[in-house]
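Visitor: Structure provided below as structure tokens; questions to follow.
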Amino acid sequence: MITVWSYSKLSTWTRCPAQFRFRYLEQAPVESVGAALLLGSAVHHGVQLIHSRRKLGLAVGLAEIQGSVTSFLEASVRHAEAPVEYPKTHTTLSATLDLSRRLIETYLAQGPSGEVVVTELELTHPIAWLPGLKLTGVVDRIESDEQGGLRVVELKTASKRLSQAELDASDQVTIYALLLDLAGYPGVKLRYEVLTKAKRPHLLTMDTVRTPNHETRLLERIDQVSRAVASGVFPRVVAPQTCRGCAYRKRCGVSG
Ligand code: SF4
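The number in the numbering used here is simply the position in the sequence shown, starting from 1, with 6 added.
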């Protein structure tokens with residue numbers, strides 16, 4: 007029985023309900039670890055370090071942050087619970103480390119200047135409309151905006167530019183907006199920082215808004231998915247773009 011819902015659970019179920027079953031219900035060991043995932047975590051680590059230092063009024067040195075990201079990524083690969091799979095764009099650890107350094111350099115060169123209020127804020131709240139269920143999420147950063155209000159900033163590392171429509175439709179910041187609303191901070195502004203893993207990385211800052219309609223649709227969706235999970239409905243969604251990066255291909259019986 008899943009009672010605590012997060013963006014990760016919802017998006018996994020949307021991608022492939024069978025993958026959801028392997029990951030969250032059976033807690034099956036993964037058969038591979040995506041290097042892109044490890045890279046994303048390492049860059050997140052570096053960006054959080056940048057903002058933690060900014061919050062404390064400390065200097066942020068490029069070489070120091072890159073060094074920390076390198077150590078983080080090397081340790082992640084060393085301790086990965088399954089063989090690491092590298093994508094075509096960075097096929098070795100060395101190429102992945104090089105990309106991580108360029109991403110951090112780009113972020114620092116183009117990075118934001120808002121005053122940091124808090125980083126890595128974990129929020130969990132019961133959902134009054136769905137008895138027995140809770141919603142949880144970890145907000146990357148909250149900063150004060152130009153008008154003195156609060157703004158949630160979510161970093162995404164992406165292999166291509168994300169469209170405004172994609173970001174406007176994402177459940178991720180809808181969850182943050184709802185959690186902050188429930189915690190007594192309604193109407194926070196919402197921003198994505200999209201760091202693109204191109205040969206020459208670039209950082210795009212994109213604002214988005216959420217309305218009560220978004221929140222209603224999110225709650226309806228959690229209700230539907232939790233009912234589907236409770237009734238044991240886990241169809242496989244066999245598609246090259248999802249199965250290629252799936253960590254349960256053998257278990258599922260999908261090869262390639
Ligand atoms: S291999 Fe494909 S169909 Fe099977 S669980 Fe993974 S994503 Fe779903």
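Ideal placement from N, C-alpha and C gives every residue a C-beta, glycine not left out.
Return the first residue and the last residue of the alpha helix (DSSP H) that Ser100 is part of.
Guide: Unbroken alpha helix (DSSP H) run through Ser100: Leu99 to Gln116.
Visitor: Measure the C-alpha to C-alpha separation of Gly40 and Ile56 and round it to an integer number of angstroms.
Guide: Cα to Cα, the separation comes out at about 25 Å.
Visitor: Between the region 137–148 and the region 179–187, are three or more C-beta pairs nearer than 8 Å?
Guide: Touching, yes, given that three or more Cβ pairs across the two stretches are closer than 8 Å.
Visitor: Got a sec: does ligand 1 put a non-hydrogen atom nearer than 7 Å to the Cβ of Thr18?
Guide: No; taking the cut-off as 7 Å, the Cβ of Thr18 has no heavy atom of ligand 1 nearer than that.
Visitor: Report yes or no: do three or more beta-carbon pairs, one from the region 28–46 and one from the region 102–113, lie closer than 8 Å?
Guide: Yes, the region 28–46 touches the region 102–113.
Visitor: Just checking Phe28 against ligand 1 - is the residue's beta carbon closer than 7 Å to any of the ligand's heavy atoms?
Guide: Correct: Phe28 has its Cβ closer than 7 Å to ligand 1.
Visitor: On the criterion of 16 or more Cβ atoms from any shown chain inside 10 Å, does Trp135 qualify as buried, or is it exposed?
Guide: Exposed: under 16 other Cβ atoms inside 10 Å.
Visitor: Please state if the CB of Gly238 and the CB of Lys195 are separated by a distance shorter than 8 Å.
Guide: No; because the gap between Cβ atoms is not below 8 Å, this pair is not in contact.
Visitor: Within the same chain, show all residues whose beta-carbon is closer than 8 Å to that of Lys162, passing over the 5 residues directly before and after it, in chain order.
Guide: These residues qualify, in order along the chain: Leu168, Tyr198, Glu199, Val200 and Leu201.
Visitor: State the DSSP-derived secondary structure class of Lys162, mapped to helix, strand or coil.
Guide: DSSP places Lys162 in strand when its eight states are reduced to three.
Visitor: Arg223 lies in the beta strand (DSSP E); which residues open and close that run?
Guide: From DSSP, Arg223 is part of no beta strand (DSSP E) but of the alpha helix (DSSP H) over Pro218 to Ala236.
Visitor: Report yes if the C-beta distance between Lys205 and Leu109 is below 8 Å; otherwise report no.
Guide: Cβ atoms of Lys205 and Leu109: not closer than 8 Å.
Visitor: Contact check, Leu139 vs Trp11 under 8 Å by CB: the rounded distance?
Guide: Contact holds; Cβ gap of about 6 Å.
Visitor: Counting only the same chain and skipping the five closest in sequence on each side, list residues whose C-beta sits under 8 Å from that of Ala65.
Guide: Excluding residues within five positions, the ones whose Cβ falls inside 8 Å are Arg59.
Visitor: According to DSSP, is Ser169 part of a helix, a strand, or is it coil?
Guide: Note: Ser169 maps to coil in three-state DSSP.
Visitor: How is Gly154 classed by DSSP in three states: helix, strand or coil?
Guide: Coil, per DSSP.
Visitor: Give the straight-line distance between the Cα atoms of Glu111 and Gly46, rounded to the nearest whole angstrom.
Guide: Between Glu111 and Gly46, the C-alpha separation is close to 15 Å.
Visitor: Alpha carbon to alpha carbon, how far is Pro137 from Leu224? Give it in angstroms, no decimals.
Guide: One C-alpha to the other measures close to 15 Å.
Visitor: Can you look up Tyr13 in the DSSP assignment and give me helix, strand or coil?
Guide: Tyr13 falls in the helix class under three-state DSSP.
Visitor: Would a C-beta distance cut-off of 8 Å place Tyr267 and Asp177 closer than the cut-off?
Guide: Residue 267 falls outside the range modelled here, since the chain spans only 7 to 262, and no answer is possible.
Visitor: For the alpha helix (DSSP H) that contains His50, what are its first and last residues?
Guide: Segment Ala41 to Lys61, the alpha helix (DSSP H) holding His50.
Visitor: Can you check whether the CB of Glu37 is closer than 8 Å to the CB of Ala88?
Guide: Yes, Cβ-Cβ distance for Ala88 and Glu37 is below 8 Å.
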